[in-house]
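Okay, structure first, notes after.
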Amino acid sequence: MNNQSKWRLDFATQLHSKLRHFSGVHAILVGGSVARGYSDVYSDLELILYWDEYPCEDTKYSIINDLNAKFSYPKLDHGHESALLINGFPVDLWHRTIAEEEITMNKVLHEYSLDLNANNTLDTIRNGIPLYGKNLMQKWKKDVTKYPEELSIQFLEEYLPHFHLRQLNFAVHRDNPTAIYAMISAIQSSLFLILLALNQSYFPTYKWIYKRLYELAYVPTQIESKLRNIYKLEPLEALEQLHSILTETLTMVEEMFPQVNTAFAKYGLDQKIPKPYYHAPL
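All the letters of the sequence shown, read from the start, carry residue numbers 166 to 447 under my numbering.
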């Protein structure tokens with residue numbers, strides 16, 4: 166855990182001593198960048214309170230008053246209710262029910278849902294730091310420890326078809342930078358999900374793509390620097406670099422999951438330079 170995460174965790178420990186005394190709070194978890202050890206100087210603190218039932222508005226305002234907090238954003242902002250300022254520092258305070266969280270876990274662990282919000286919930290539970298209600302949190306952590314193989318397969322089958330470079334090839338040769346970088350970003354996002362699946366890692370959000378890639382064991386060589394560098398290259402070089410990364414990834418998929426059909430992904434990577442047509446056909 167880096168220093169930026171450590172002092173935020175210390176602050177969370179101070180806050181939890183007030184939060185734990187509210188009737189109905191069964192557990193308190195530190196989530197976000199602090200729990201994952203990813204915090205930087207721009208990071209807030211994410212705290213999740215678990216209840217049997219959602220707290221009423223009076224209880225929520227009592228919590229805010231006890232913490233001497235104020236809202237960070239105006240009411241028109243969708244993050245108004247959860248985003249607080251405490252002693253001038255931003256804290257995201259979330260309220261969730263135990264039943265809601267267990268439904269989400271079941272959705273991913275047993276129904277193999279590809280919903281990214283649900284998968285992020287499991288990543289938070291796996292990496293979260295319990296401050297209160299540790300028995301419940303340890304049970305949940307045990308539940309999410311084993312990443313289902315079927316979930317990996319579902320992600321691979323859903324996102325491998327995105328390894329398709331035909332339209333990117335056209336955009337490069339048409340000198341359309343808006344389309345080029347939109348497609349590169351989309352393909353990199355799908356690549357990230359595939360690499361998470363190969364490594365049995367839940368989704369930490371795209372915000373932490375590079376930090377999570379650094380932690381994964383099975384990734385293409387120098388993956389972080391290569392993905393960053395693609396945006397600095399000339400378009401044709403970027404296309405070639407991306408093709409190389411995707412090809413290396415596909416080889417890994419075939420070695421680790423031979424039961425997954427990669428024919429369409431191979432076809433998507435085997436796209437030729439667009440043929441120009443200068444004249445009407447005879």
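Heads up, the beta-carbon is just placed ideally off N, CA and C, and yes, glycines get one too.
The structure presented is a predicted model; accordingly, all values stated were derived computationally and were not measured.
Does the separation of the CB atoms of residue i and residue j fall below 7 Å?
i, j, result
"residue 462", "residue 348", "This structure leaves residue 462 out entirely; the chain is present only between 166 and 447."
"residue 181", "residue 258", "no"
"residue 249", "residue 234", "yes"
"residue 214", "residue 260", "yes"
"residue 309", "residue 287", "yes"
"residue 439", "residue 334", "yes"
"residue 430", "residue 325", "yes"
Take the Cβ of residue i as the centre, count every other Cβ of all protein chains shown within 10 Å, and call the residue buried at 16 or more, exposed below.
i, result
"residue 336", "buried"
"residue 355", "buried"
"residue 271", "exposed"
"residue 284", "buried"
"residue 172", "exposed"
"residue 329", "buried"
"residue 244", "exposed"
"residue 420", "exposed"
"residue 432", "exposed"
"residue 428", "exposed"
By DSSP's criteria, residue i is part of a beta bridge. Which residues make up the other side?
i, result
"residue 261", "215"
"residue 251", "234 and 254"
"residue 210", "256"
Name the two residues that bound the continuous beta strand (DSSP E) containing residue i.
i, result
"residue 235", "234-236"
"residue 297", "294-297"
So the alpha helix (DSSP H) residue i belongs to, where does it begin and stop?
i, result
"residue 195", "Not the alpha helix (DSSP H): residue 195 falls in the beta strand (DSSP E), residues 190-196."
"residue 400", "400-421"
"residue 353", "342-363"
Original post:
Any contact of the region 382-395 with the region 309-325, i.e. 3+ C-beta pairs under 8 Å?
Top reply: no
Original post:
So, do the region 194-203 and the region 221-232 have three or more beta carbon pairs nearer to each other than 8 Å?
Top reply: no
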